[in-house]
Every structure is written in structure tokens, then in C-alpha cells.
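Residue numbers (the numbering used here), protein chains in the order written: chain A, 4 to 453; chain B, 155 to 276. Backbone N, C-alpha and C fix where the C-beta goes; we use that ideal spot for every residue, glycine too. The structure displayed is predicted, hence computed values, not measured ones. Read through the structure below, which is laid out as C-alpha cells, and then see the notes.
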Amino acid sequence: QEAAKYDKKVMVLDFVTPTPLGNSWGLGGTCVNVGCIPKKLMHQAALLGQALQDSCKFGWQFTEEVKHNWMTMTESVQNYIGSLNWGYRVALREKKVTYENAYGEFVGPHTVKATNKRGVEKLYTAERFLIATGERPRYLGIPGDKEYCISSDDLFSLPYCPGKTLVVGASYVALECAGFLVGLGLDVTVMVRSILLRGFDQDMANKIGEYMEEHGIKFIREFVPIKVEQIEEGTPGRLKVIAKSTNGNQIIEGEYNTVLIAIGRDSCTRNIGLDKVGVKINEKTGKIPVNDEEQTNVPYIYAVGDILQDKLELTPVAIQAGRLLVQRLYAGATTKCDYVNVPTTVFTPLEYGACGYSEEAAVEKFGEENIEVYHSHFWPLEWTVPSRDNNKCYAKIICNIQDNERVIGFHVLGPNAGEVTQGFAAAIKCGMTKEQLDSTIGIHPVCAEV
Amino acid sequence: MGWEEKQVRGYPEFVQTAQRYHGRPIFALFCGDKDAEGKSWCPDCVTAEPVVRKELHNMPDESVFIYCLVGDRAYWKDPNNEFRKNLKLTGVPTLLKYGTPQKLVEEECFKADLVRMLFTED
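Below, the structure written as C-alpha cells:
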């Protein structure tokens, strides 16, 4: 849409290869269809369940038992997603961007072939190309995985309640899904190969895990599934999972209605003809290395988003990079995308917001003697009356002593972590120091005042 | 078989007609009432109607096109009227594909290619 603003002739090729179970979706990419949007809505559904429970202590009385209906929630979520898909179609049309629901792949210099779902092929040429094909969930590679297991691509439109669920993986996708499923009243187990939330501050990751365990999620640690069998067909059916220990030969078995695989995502860069135009990719990871102007090794081909090597896999980062790229190409701008100090939030039952360095990364970069960590537990006022945990919410900042105690890392674990973190991210970008933070008077009574 | 048109006035008649054709693709155009000379109180509706009618042949076979007059200006301006409350309409003209989130509102209805897109989308 940005390029069309500058009177460029633009075409978008978007195509979703169906999941092993046949699932597909509309225009908008992962975030809109099978990522952030449905995830946050279902997280909200779970939070509302918790709020209903808390409400009794605040004086609300209801006599009927409150139950959750998976189909009602899923229909509402999918309806909203549908309106977003449609909104994008209209927006592209109004801005005169040509849209084709077809699978694009390079076949030669400056040329792509687009194949639609009926197999009809068309060739297109262009002056420049932007690759933003994103990623898809990785499967385990064990017997029964593609036939019987689901991934996040299937979960948000599942036409039946998943029931007793085994989540395989300890990524934020795995923990967020496990979190809202248990919040909706389901029996959930998470099978973890080694650590939780690799790449995130491990101190915070462990606190998240502890909280989830204390709130009904079962963890099976240091095991990996080796086989999935179907005991009974159905919606949901019954599956048997056989798993092996990662240190030793112990084998365990379990029965579940649904197995959700969330062990990571792989870039969609292998089957789009990059070899035909000479674009180098990292053979091991599939990611595309680019310079700081998002250009690949082929000057007329650019890339943004999750497929980039060594860059954060976040929707707003991809959008910002894309917009700035177009402004540099067609509007004479020079601003490059700033990939440092990008705030993020993990929407686990106890939300975690972060911006900047984790404690481990700070120690590694600056040395333990040069950083100072300030931390505090806090008890949200809203949690006091319903007697919810008084020692779980937690905040910490990491400061660089050598640079005026500049705040280089911000971490908060508590309700509305996303909303809290956004403001602090702007402050960190401005180079806020501990002294400036201390001299900012707090808003009372809110969690963020800590 | 092609497509057919049904003309209705008011919310209850609209709902009844939509329910009767459940199972077939249903497109609906909502406009303000017309006076004795056949002119609507809603100027945008006057502009949109011929644009929409020209694209009707693009609707899939078996479609039903419901042309619905919502009422007079005072009824429409009432924030609690049934079209606003139940169908979540925010303006007239509105062209929508019944049972889906796909719709075009006000000036969007003047654009033939958007109307065509609504009629031919999967």
C-alpha cells in the first residue's frame, strides 16, 4: 500500500499452502489469521473466565454455573478475522494494488510465476521484488505427527473443542496456547524438551513456568514424543502419545484428545525459486541474510519479516521495515529500521513484557560488575480482594553503571504487561537513566507505578 | 438458473426474506425510502443504486439480491433502529453479502470494481 502511494504499479501475491489437515485462510498473513490476533482474543476469553471467578469476591452473585462454549468463541474470532481479510481486500483495491491469490516463485531474472489454487499459471515481471513469505509451524518428524496432530495453524479455527490437550514445545506459542486453553477449563499438559522460552530472560521464563504450574498446567520436562497413534477417531478423537526421556531410556505413554505441536517455525524460503535468481539463503535455517536496508545479495530483491536472519520475528517490526524501505526507495527518505530496543509481550496467563537486554545478555555484553539490577515483587490492587497470589507479579530493570545507569533492560510480569511495556519502550529509546526513572512520579494505584 | 431479486421494506420483511433463502448466496442493498417520484431521501443511495445494478450479473448462480428500503430519514437517524442494532449497519447505502463480514459502505458502493469484487469473492 505504501508503494502505491508513490504511484508505483504494485502487485501482491498471497497464497496459503493448506495445513496437513487441509486448513487455509484469507489475506493478512500469520498475525491476522493464525497468530497475534486470534491468540490475543482467546487469551482475553480465558482472562474473562478468571474475572468471572474473581467477581464473586467483589459482590457479583450468580446462581448458574458458568461454562465455556468453544464453538461460540471460535465463530466470533473467525468472524472478526474475516472482516479484517475483507478490509485488506478493499484497501488494496482502493489503492490500486493488484492482488492475486496465487503461489509466487521466481523462474528467472525479474520474473515470477504465479500459480492459483486451480493450478493456472501466469508469469509476471517487475523492476523490484519484496519477499515477505514468513514461516509455518515445524512438525516433529515422527510417525503420526502430520496425520493426527495439529499446529497453531489449525487451533484458532478448530471446529470442535480440543478437550484434553498435550502441547509439545516450550516456545511462547506453546505457553500462550497452553495458558488460554487451561483458562477456558481444559485439561492441559506441556511437554518440554529442555528449557522454557529459549532466547528470553531465563529468570522471567522460570517465573512464568512456575505460575503456570501452580495454576493447573501439568509440565512433563525433558521428554520428547517419538510416536503418536490414534486410538479412536472423532471430533475430538483419542490419541496415544509415546515419549522418550532426553537423558536416559525411560519411555512414558499418555492419552489425549488433541496434540498441539509448537516446537518452532520454519521460513518459507525453500520452494520459491530463490536459487533461480541467485538469492543466498542460510542453508541450515532457511533465513535470508540482508543488509541494513533489507536488500538481499541480489540488488533488486528485498526481504522483510520473519524470514530475515538475525532479526526479531514480530509483526510491527516487519511492517515498519517494509514501510521505511518503500519510503527510502520511492520518497527519498533515508531512515533505516531500528531493530534495537523493540518491546515485546508474551501473553501467558501471567503476562510478560520486555524491552531491551535480558539479564544474561546484559551480563555477557557489559560484564556482571558493570550492570545493576533493580527489582521488586508487587501485588496488583485488583488481586487483593479476590485473594489472588501476592508474590508473583514482578518487575526488574537492568542498568548500565558505566553509562549513567542508563536503563538497558526492562522486564515486567503481571496483568496488562503489554500496555505497561509500551510506554517504557519509548523512554528507553530516548535513553532514560535510572535517576530519570526514579524522579518520575508514579500513577496510583496502578501496577506500573512500581 | 441465474439470480433473482426480491424487494422488501423494513426490518421484519428483510429478515423473513433472508431466512426463506437460507442456503443460497444472499446479497443485500440497503437504501433510504423513495418518495412518490421514486427518489430516495439519501443522495448517496441515488448514486450507488445504478452502479450496483450494473454489476448484478456478476453474482454467482442461484444468488438472491434483496433490495431493502430501510425507512424514512427520521427512522434511519434513530441510533436504536433495528438495522443498526441487529445488522450492525452504520450507514446507507450498505451493500453486503449476508452471513459474512463482507460489506461495502456509503462511497465504497460507488466503485464498480469494489462492487464486482464483493459479488465475485470466494
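Positions of the alpha helix (DSSP H) runs, each at least 4 residues long and wholly inside the region 176–263 of chain B, are given as 197–209, 227–231 and 236–240 in order along the chain. The region 157–170 of chain A and the region 325–333 of chain A do not touch, with fewer than three beta-carbon pairs separated by less than 8 angstroms.
Here A:H46 is buried. Its C-beta has 16 or more other C-beta atoms within 10 Å.
Here A:L50 carries a helix assignment [DSSP, helix/strand/coil]. The Cβ atoms of B:F184 and B:L268 lie no closer than 8 angstroms to each other. Of the candidates A:E362, A:Y175, A:L178 and A:V193, the residue whose Cα lies closest to the Cα of A:K167 is A:V193. Around the beta-carbon of A:W63, fewer than 16 other beta-carbon atoms lie within 10 Å, marking it exposed. Listed in chain order, the positions of the region 84–99 of chain A with a beta carbon within less than 7 angstroms of a beta carbon of chain B are G85, S86, W89, R92, V93 and R96.
Counting only runs of at least 4 residues, the region 211–289 of chain A fully encloses the following alpha helix (DSSP H) elements, listed from N- to C-terminal order: 277–280.
In the DSSP assignment, no residue is bridged to A:M435. According to DSSP, A:V195 shares a beta bridge with A:R224. Cα atoms of B:K231 and B:E262: separation of roughly 20 angstroms, rounded to the nearest angstrom. In summary, A:F350 is buried, with 16 or more beta-carbon neighbours lying within 10 Å of its beta-carbon over all protein chains present. Close to B:D267, with beta-carbon spacing below 9 angstroms, are these residues of chain A in chain order: R96. Spanning the alpha carbons of A:C164 and A:H71 requires a straight line of approximately 10 angstroms.
Runs of the beta strand (DSSP E) lying entirely within the region 363–389 of chain A, each at least 3 residues long, are 374–381 in chain order. Of all residues in the region 244–259 of chain B, those with a C-beta nearer than 7 angstroms to a C-beta of chain A are T254, P255 and Q256, reading in chain order. Excluding its 5 nearest sequence neighbours in each direction, A:K395 has C-beta neighbours in its own chain below 7 angstroms: Y214 and L353, listed in chain order. For A:P140, the closest C-alpha among the options A:N403, A:A177, A:T128 and A:K279 is that of A:A177. Beyond the five residues adjoining it in sequence on each side, A:M435 comes within less than 6 angstroms, by CB distance, of V410 in the same chain, given in chain order. Taking a beta-carbon distance threshold of 8 angstroms, A:N209 does not count as an interface residue toward chain B.
Assignment of B:F168 by DSSP, reduced to helix, strand and coil, places it in the helix class.
Contacts with chain B (Cβ-Cβ distance below 8 angstroms) from the region 277–295 of chain A involve no residue at all. Note: B:V162 is bridge-paired with B:C222 in the DSSP secondary-structure output. Residues of the region 67–82 of chain A that bring their beta carbon within less than 8 angstroms of a beta carbon in chain B comprise N82, in sequence order. The Cβ of B:E262 sits closer than 8 angstroms to at least one Cβ of chain A.
8 angstroms or more divides the Cβ of A:G172 from the Cβ of A:I84. Remark: C-beta atoms of A:Q4 and A:A135 do not approach each other more closely than 8 angstroms.
Interface criterion not met: the Cβ of B:M213 is under 8 angstroms from no Cβ in chain A. Excluding five sequence positions before and after A:G325, the CB atoms of its chain that fall closer than 6 angstroms to its own CB belong to V307, given in chain order. Around the CB of A:R268, 16 or more other CB atoms lie within 10 Å, so the residue is classed as buried. Burial of B:M213 is indicated by the presence of at least 16 other C-beta atoms within 10 angstroms of its C-beta. Beta-bridge analysis with DSSP links A:G412 to A:G359 and A:I401. Approximately 6 angstroms separates the beta-carbon atoms of A:I245 and A:I254; this is inside 8 angstroms, confirming the contact.
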